[in-house]
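For the sequence shown, this note's numbering assigns the number 287 to the last residue and increments by one with no breaks.
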Amino acid sequence: MTNTKAQMSNAITYKVLSFEFCHLNFLIMLIDTHAHLTDKKFGPDLEEVIARAAEQGVGAIIDVGDSLVSSMQCIEHATRNAMLFASVGIHPNNAEQASADDLRRITDLADAPRVVAIGETGLDFYRHHARHDVQEELFKNLLRVAARKRLPVIMHCRDAYKGLLPLLGEMRGDCPNGVLHCFSGEISDAEAIIGMGFSISLGGPLTYPGNVGLREIARRVPIERILLETDCPYLPPQGKRGKRNEPANVALVAEALAGLRGMTVAEIAEVTSGNAKRLFGKMCD
Ligand code: NI
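Right, here's the structure in full:
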């Protein structure tokens with residue numbers, strides 16, 4: 003397809019989907035609630051990546067920032083492209099590089115019309131990129147920003163549930179709503195998170211043969227607390243491993259969840275996209 007043709011077909015798709023997006027539900031419409039389209043693995047072919055997602059029934063993608071610079075790029079993407087929304091935040095692995103000024107600027111960026119969430123934020127005790135106390139301080143600050151701006155928070159937690167759960171409990175009065183993305187904990191962690199009012203989101207790891215426990219969790223937690231994501235370019239679903247992940251593959255996650263829940267892909271799409279639209283209410287403004 004030539005560039006012009008690709009752009010034309012994109013324009014048509016966006017028009018149909020944006021009309022359908024918040025009003026009608028008769029088509030399959032998936033939402034990839036966590037993508038990193040500012041990653042350097044995406045670039046010149048971003049329009050094609052988005053067109054492929056639309057072909058798979060993806061109607062919206064949340065492009066998630068992990069630093070001040072990438073957060074600004076996410077807003078730029080979302081301003082140019084009707085299918086994209088932005089989340090602004092600083093990943094726990096970047097906590098030591100983040101200055102007080104970065105935090106102030108993230109706070110200001112939260113007011114941009116296409117920004118639907120604060121994140122990525124949270125705790126990562128698996129990698130050793132930042133001291134735990136520095137991560138915790140930044141996480142609390144970003145939770146406060148989300149609460150003040152009345153935006154949901156997109157949380158990352160890797161090998162850190164023992165730190166994250168008490169911190170959220172401690173912040174409760176001052177805590178926004180949100181989602182724990184790419185959930186990877188135990189059933190007790192999922193129950194605790196959901197008990198606090200948060201949702202969990204599931205991506206490619208749901209399809210990995212070894213992840214028996216995660217599939218059991220996906221079967222058991224209330225369906226109205228599940229969102230879908232890719233976390234692309236990371237974590238491609240089984241069958242695509244070793245390749246760059248992209249938002250189109252959220253359809254494979256939906257298929258896996260449909261099998262686990264005894265539902266059709268259309269039902270999974272309707273329920274999980276409804277969950278996402280409720281949580282990220284600014285998408286429908
Ligand atoms: Ni992420």
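In this text, a Cβ means the ideal position worked out from N, Cα and C, and glycines have one as well.
Exposure of Asp103, with buried meaning 16 or more beta-carbon neighbours within 10 Å | With fewer than 16 Cβ atoms within 10 Å of its Cβ, Asp103 is classed as exposed.
Buried versus exposed, by CB contacts within 10 Å (16 or more), Gly159 | Correcting the residue type first, residue 159 is Cys in the shown sequence and not Gly. Buried, by the Cβ-count rule.
Within 10 angstroms of its Cβ, does Gln137 collect 16 or more other Cβ (buried), or is it exposed?
-> With 16 or more Cβ atoms within 10 Å of its Cβ, Gln137 is classed as buried.
For ligand 1, any of its heavy atoms closer than 7 angstroms to the Cβ of Glu122?
-> Glu122 Cβ: within cutoff of ligand 1.
Take Leu125 and list the residues in its own chain whose beta-carbon comes closer than 8 angstroms to its own, dropping the five residues that flank it on each side.
-> Setting aside the 5 residues that flank it on each side, Leu125 is surrounded in the same chain by Pro94, His134, Gln137, Glu138, Phe141, His158, Cys159, Arg160, Ala162, Gly165, Leu166 and Leu169, each with a C-beta closer than 8 angstroms to its C-beta; the list follows chain order.
Starting from Asp65, follow its DSSP beta bridges and name the residues at the other end.
-> Secondary-structure assignment with DSSP links Asp65 through a beta bridge to Ala37 and Ala88.
Check: Val66 C-beta below 7 angstroms from any heavy atom of ligand 1 | Correct: Val66 has its Cβ closer than 7 angstroms to ligand 1.
Candidates Ile30, His79, Val60 and Ala220, of which the one nearest Leu39 by Cα | Nearest neighbour of Leu39 by Cα position, chosen from Ile30, His79, Val60 and Ala220, turns out to be His79.
With DSSP collapsed to three states, give me the class of Phe28.
-> With a pLDDT of 45 at Phe28, under the threshold of 50, the modelled position of this residue cannot be trusted; read the value that follows with caution. In the structure shown, the three-state DSSP call for Phe28 is coil.
Compute every distance between the C-beta of His79 and the non-hydrogen atoms of ligand 1, then say whether any falls below 7 angstroms.
-> Within 7 angstroms of the C-beta of His79 there is not a single heavy atom belonging to ligand 1.
Under a Cβ-count criterion, where at least 16 other Cβ atoms within 10 Å of its own Cβ denotes burial, should Val255 be classed as buried or exposed?
-> Buried: at least 16 other Cβ atoms inside 10 Å.
Is Gly212 helix, strand or coil when you go by DSSP?
-> Assigned with DSSP and collapsed to three states, Gly212 falls in coil, not helix or strand.
Within the segment 189–270, note down every full alpha helix (DSSP H) run reaching 4 residues or more, in order along the chain.
-> Runs of the alpha helix (DSSP H) inside the segment 189–270: 189–197, 214–222 and 252–263.
Backbone CA spacing between Arg146 and Arg174 [nearest angstrom] = Near 10 angstroms, if we compare the C-alpha coordinates of Arg174 and Arg146.
Less than 8 angstroms separating the beta-carbons of Ile64 and Phe282?
-> Their beta carbons are under 8 angstroms apart, which means Ile64 touches Phe282 by this criterion.
Report the option in Ile77, Arg82 and Glu188 whose CA atom is closest to the CA atom of Gly121.
-> Measuring from the Cα of Gly121, the nearest candidate turns out to be Ile77.
Near Pro239, what residues of its chain come up, given a Cβ to Cβ distance below 7 angstroms and the 5 sequence neighbours on each side ignored?
-> Cβ-Cβ distances below 7 angstroms link Pro239 to Gly206, Thr209, Asn251, Leu254 and Val255 in the same chain, with the five nearest sequence neighbours on each side left out; the list follows chain order.
Tell me where the alpha helix (DSSP H) around Cys159 begins and ends.
-> It is not in any alpha helix (DSSP H) - Cys159 instead sits in the beta strand (DSSP E) that spans Val155 to Arg160.
Please confirm whether any heavy atom of ligand 1 lies closer than 7 angstroms to the CB of Ile233.
-> The amino acid occupying residue 233 in the given sequence is Asp; Ile does not appear at that position. At least one heavy atom of ligand 1 is found less than 7 angstroms from the C-beta of Asp233.
Decide if Leu26 is buried, meaning its Cβ has at least 16 other Cβ atoms within 10 Å, or exposed.
-> For Leu26, the pLDDT reaches just 45, beneath the cut-off of 50, and the residue's location in the model is therefore unreliable, although a value from the coordinates is still provided. Taking a 10 Å sphere around the C-beta of Leu26, we find fewer than 16 other C-beta atoms and assign the residue as exposed.
Is His131 near ligand 1, with its Cβ less than 7 angstroms from a heavy atom?
-> No - ligand 1 has no heavy atom lying nearer than 7 angstroms to the Cβ of His131.
Lys17 to Phe127 span [Cα, whole Å] = Bear in mind that a pLDDT of 35 at Lys17, under 50, signals an unreliable position, so the number given afterwards is only what the model happens to contain. Distance between Lys17 and Phe127, taken at the CA atoms: about 43 angstroms.
Should Glu248 go down as buried or exposed, given a rule of 16 or more other Cβ atoms within 10 Å for buried?
-> With 16 or more Cβ atoms within 10 Å of its Cβ, Glu248 is classed as buried.
Looking only at C-alpha atoms, which of Asn96, Gly212, Ala148 and Ala114 sits nearest to Arg129?
-> When Asn96, Gly212, Ala148 and Ala114 are compared, the shortest CA-CA separation from Arg129 is found for Asn96.
Do His134 and ligand 1 come close, with the Cβ less than 7 angstroms from some heavy atom?
-> No; taking the cut-off as 7 angstroms, the Cβ of His134 has no heavy atom of ligand 1 nearer than that.
Have a look at Gly45, Gly59 and Arg280 and flag the residue whose alpha-carbon is nearest the alpha-carbon of Glu226.
-> Comparing Cα positions, the closest option is Arg280.
Just curious, the beta strand (DSSP E) that Ala97 is in, first and last residue?
-> That residue, Ala97, is in no beta strand (DSSP E); it is neither H nor E in DSSP.
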